[in-house]
Amino acid sequence: MAMLNFIFRRVLAAIPTLLILSVFVFLLLKLLPGDPALALAGEDRDPAVIESIRVKYGLDQPLPVQYFKWLGDILQGDFGVSIRTKMSIGEMLAQRLPVTLQLSLQAMLIAIIIGIPAGVYAAIRRGSYVDVAVSTVGLAGLSVPSFWLGIMLIMAFAVSLGWLPSGGFVNFSDAPLENLRYTLLPSLVLGTAAAAIIMRHTRNSMLSVLKQDYIRTARAKGLKERIVIIRHALRNGLIPIVTTGTLHLGELLSGAVLTEQVFGIPGFGKMIVDGVFSRDYAVVQAVILCSAAIFLILSLLADILYVKLSPRLQA
Amino acid sequence: MSAAVAAPANTGSRNRSFLLRVLSQRSAVIGLAIVLFFVALAVFAPWIAPYDPIASDWLSVRQAPSAAHWMGTDDLGRDVLTRVIYGAQASLLAGLIAVSIAILAGLPLGLIAGYFGGWVDTIISRCTDALLACPFLVLAIALAAFLGASLQNAMIAIGISAMPIFIRLVRGQVLTIKNEDFVTAARGQGMRDRSIILSHILPNVVTPVVVQATITMAVAILAEASLAFLGLGQRPPAASWGSMLDVARQFMLDAPWMSIWPGLAIVTIVLGFNLLGDGLNDALNQKDD
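Going down the list, the sequences are from chains E and X. The UniProt record's numbering puts the first residue of the first sequence at 1, with every later residue one more than the last. The UniProt record's numbering puts the first residue of the second sequence at 1, with every later residue one more than the last.
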């Protein structure tokens, strides 16, 4: 019951955030120079046609009226129609979001496999060469632009060795193995920065846990170091990592914009770039709002996981 | 000595001890050396670059690295080393201006929200939450697209996207400081809010803002390179590492050196700012002696 209350309060708190962002996004489009009715009319410069477009899309109404109509449509899942593809934007989102979600989840898996063991080992061997190496590699991982790493990996594994495709995408449902071949390099690119972040957080979290009294007690009881680390330190040290990792899934959306561009993957990130270059602003609006909604859902999930995993908070 | 006078003096000595702690951090010193190296490249580019960064040389198109062109030449026969050196100007300028915009807008808003509280704080904090909910690069791309593709607009877009980070940081700092004894004493002496903010609160938020600014420089330089790579930043023929990589992508097979050097330059400068930021952060978190 307390958890349900907590979730309810967090959802209520997220609503004004999304509403304010929707006002920003709406105004951004309205502040653009030029008459949208003229843009929609295309080659047809007949004033009667332009006027009818203005009436049809409610552009003759005051701004607040236009905003509430736009918001009402979005709340019903109607993001409008893309002027480039002539498809419903809601449909486009439904097609492209799973692609980016798959990439992000694979990237997170890679990040966890690399980041957690490396971070734990660096914390156990604090001050050693391994620790310095892990910290340096972690910082370097944060400093590499994803698009450059993508180009380098394409040059190595696609162009020189010919092991993996240099770009493109195949749906998992059509050919699962091919899908994995196509998404391995992009996931690796996306996962590098995530691995660096998880590695740094794991090291810091483990260092603070290893100083706790209960770890000293466990050691004093004569438990083997491996058991102290795995059963006592790691269990508590991983709590902040779970929340960081969940929040970072939202950040991966940012990275996906460039990665999908380099590898030509038709995902959510590429949607905003295509929208920008074809001046398809309704698509850009939809992507911004969806990114924010995903981020808020993930931060809610991170909070729930934190409460669930932390015995002190549960009590 | 009155509390109103004692506080800034205390802040001054704390800042000095902070600087000493920074210089004792190995990562901060290495980071600073890297950053200064790139600053020197950007400032002295016209004197140290071996060739013209813009003029094409059709007889030297896509030449591999050699004694004449240490990093090779690009698709228009321009010297890659020269363009990497000039590219430092765009990157550092973009980082500096974007972070300045973020601080100039974020610092006062954070001070006002934290100090006055109430409905002003609610409005500022809600707007900050809304902007922070949007992934940084997605917001920067959208703003740059709405403003139009240019280096200047990219800097504005990155600055606006980074602004909420500073609002939240400064607000949090002010909430802690405003209940300190020296602030209460200044208020008791009848000092006006503006004077308290400027002479007591502001000096105490400068250090965390400087640390955050260093970390944000790394993010801003990466964001500028990303926007230029997408065609939303520095326009050709001016040299920018991001746009150099965008062009280089088409010649991965024939001229890999076109991709390698600008990318390494981005990694090194961002690593420099990250090392410096990490060192500053560690120094900030160490207890005063």
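Cβ atoms here follow ideal geometry from the backbone N, Cα and C, with glycine treated the same way.
*Decide if PHE273 of chain X is buried, meaning its Cβ has at least 16 other Cβ atoms within 10 Å, or exposed.*
Burial call: buried.
*How about SER310 of chain E: is its C-beta nearer than 8 Å to some C-beta of chain X?*
Look at SER310 of chain E: its C-beta is not under 8 Å from any C-beta on chain X.
*Smallest Cα separation from ILE34 of chain X: which of X:PHE251, X:SER60, X:ASP57 and X:ALA218?*
If we check each option's Cα against that of ILE34 of chain X, X:ALA218 comes out closest.
_Run through the DSSP bridge pairs and tell me what VAL183 of chain X is partnered with._
The beta-bridge partner set that DSSP reports for VAL183 of chain X is empty.
*Do we get a CB-CB distance below 8 Å when we pair PRO16 of chain E with the residues of chain X?*
Interface with chain X (8 Å Cβ-Cβ cutoff): PRO16 of chain E is included.
_Cutting at 8 Å between CB atoms, please list the residues of its own chain near ILE221 of chain X, excluding the five before and the five after it._
Short of 8 Å from the beta carbon of ILE221 of chain X, and not among the five residues preceding or following it, lie these beta carbons of its own chain, in chain order: SER91, LEU92, ALA94, GLY95, ILE266, ILE269, VAL270 and PHE273.
*asked:* If contacts are defined as beta-carbon pairs under 8 Å, then PHE251 of chain X and ASP75 of chain X qualify, I think. What distance do you get, rounded to the angstrom?
replied: Indeed, because the Cβ distance is near 6 Å, the residues count as touching under 8 Å.
*State the DSSP-derived secondary structure class of SER299 of chain E, mapped to helix, strand or coil.*
Looking at SER299 of chain E - three-state DSSP - the assignment turns out to be helix.
*Could you please tell me which residues of the stretch 243-264 of chain E, in chain order, have their CB closer than 8 Å to any CB of chain X?*
Among the residues of the stretch 243-264 of chain E, those with a Cβ less than 8 Å away from any Cβ of chain X are GLY250, GLU251, LEU253, SER254, GLY255, VAL257, LEU258, GLN261 and VAL262, in the order of the chain.
*May I ask you to report which of helix, strand or coil DSSP gives PRO73 of chain X?*
Note on residue identity: the sequence assigns Thr, not Pro, to residue 73 of chain X. Note: THR73 of chain X maps to strand in three-state DSSP.
*Cα-Cα, which of X:PHE116, X:PRO256, X:GLY31 and X:GLY279 is closest to MET155 of chain E?*
Per the Cα distances, X:PRO256.
*Contact set between the stretch 151-165 of chain E and chain X, restricted to residues whose Cβ is under 8 Å from the partner*: Within the stretch 151-165 of chain E, the qualifying residues are ILE151, MET152, ILE154, MET155 and VAL159.
*Would you grab the beta carbon distance between ILE198 of chain E and THR244 of chain E for me? Rounded to a whole angstrom, and I think it's under 8 Å.*
So it is a contact: roughly 7 Å between Cβ atoms.
*Which of the three DSSP states, helix, strand or coil, is assigned to ASP131 of chain E?*
If DSSP states are grouped into helix, strand and coil, ASP131 of chain E belongs with the helices.
_For GLY267 of chain E, the nearest candidate out of E:ASP73, E:LEU28, E:THR100 and E:ILE304 (CA to CA)_ = The candidate whose alpha carbon is nearest that of GLY267 of chain E is E:THR100.
*Report yes or no: is there a C-beta of chain X within less than 8 Å of the C-beta of PRO117 of chain E?*
No, PRO117 of chain E does not count as interfacial toward chain X.
*Across which residues does DSSP place ASP60 of chain E in a beta bridge pair?*
Per DSSP, none; premise fails for ASP60 of chain E.
_Cut-off 7 Å between Cβ atoms - residues of its own chain near residue 310 of chain X, not counting five sequence neighbours on either side_ = Chain X is shown only over 1 to 289; residue 310 of chain X falls outside these bounds and no answer can be derived.
*Could you tell me which chain X residues have their CB closer than 7 Å to the CB of ILE7 of chain E, listed as they occur along the chain?*
Under the 7 Å cutoff, chain X gives no residues; its nearest Cβ is about 18 Å from ILE7 of chain E.
*Between the Cα of ILE201 of chain X and those of X:ALA98, X:VAL99 and X:PHE116, spot the shortest distance and give me the residue it belongs to.*
By alpha-carbon distance to ILE201 of chain X, the top candidate from X:ALA98, X:VAL99 and X:PHE116 is X:PHE116.
*Going along the chain, which residues of its own chain have a beta-carbon closer than 7 Å to the beta-carbon of ALA195 of chain E, five neighbours each way excluded?*
Around ALA195 of chain E: ILE110, ALA111, ILE114, GLY115 and GLY141.
_Please tell me whether LEU230 of chain X and VAL170 of chain X are closer than 8 Å, where the distance is taken between their beta carbons._
Not a contact, by the Cβ cut-off of 8 Å.
*asked:* Beta-carbon within less than 7 Å of ILE196 of chain X's beta-carbon, same chain only, minus the 5 sequence neighbours each way: which residues are those?
replied: Excluding sequence neighbours, ILE196 of chain X sits near VAL183, ALA186 and ARG187.
*Residues within the stretch 129-145 of chain E neighbouring chain X, beta-carbon criterion of under 7 Å*: Answer in chain order: LEU139, ALA140, LEU142, SER143, VAL144 and PRO145.
*Counting only runs of 4+ residues fully inside the stretch 93-176 of chain E, write out the alpha helix (DSSP H) ranges in chain order.*
Within the stretch 93-176 of chain E, the runs of alpha helix (DSSP H) at least 4 residues long that lie entirely inside it are, in chain order, 129-143 and 146-153.
*Assuming LEU18 of chain E and ALA293 of chain E form a contact by the criterion Cβ under 8 Å, report the distance between their Cβ atoms to the nearest whole angstrom.*
Contact flag correct, Cβ pair sits at about 6 Å.
*Taking only the alpha-carbon atoms, compute the straight-line gap between LYS211 of chain E and PRO98 of chain E and give it to the nearest angstrom.*
Rounded to whole angstroms, LYS211 of chain E to PRO98 of chain E spans 42 Å at the Cα level.
*Nearest to ALA88 of chain X by CA position, among X:ASN285, X:TRP261, X:GLY279 and X:ILE103, is which residue?*
Of the candidates X:ASN285, X:TRP261, X:GLY279 and X:ILE103, the one whose C-alpha sits nearest the C-alpha of ALA88 of chain X is X:TRP261.
*Whose CA, out of E:GLN95, E:LEU38 and E:TRP148, lies closest to the CA of ARG249 of chain X?*
Minimum Cα distance to ARG249 of chain X is reached at E:TRP148.
*Is there at least one Cβ from chain E nearer than 8 Å to ILE141 of chain X's Cβ?*
It does; some Cβ of chain E falls within 8 Å.
*What are the complete alpha helix (DSSP H) segments, minimum 4 residues, inside the stretch 194-234 of chain X?*
Segments of the alpha helix (DSSP H) lying fully in the stretch 194-234 of chain X: 202-230.
*Please classify VAL43 of chain X: is it buried, with 16 or more other beta-carbons within 10 angstroms of its beta-carbon, or exposed?*
Exposed, by the Cβ-count rule.
_For ALA149 of chain X and GLN234 of chain X, I'd like the C-alpha separation in whole angstroms._
Distance between the alpha carbons of ALA149 of chain X and GLN234 of chain X is about 8 Å.
*CB-CB length for ASP121 of chain X against ALA113 of chain X, believed under 8 Å*: Their Cβ separation, rounded to whole angstroms, is 4 Å, which keeps ASP121 of chain X and ALA113 of chain X in contact under 8 Å.
*Can you tell me which of E:SER52, E:LYS221 and E:GLY255 puts its alpha carbon nearest to the alpha carbon of ALA107 of chain E?*
Among E:SER52, E:LYS221 and E:GLY255, the Cα nearest to that of ALA107 of chain E belongs to E:GLY255.
*CB contact below 8 Å: ARG171 of chain X versus chain E*: Closer than 8 Å: no.
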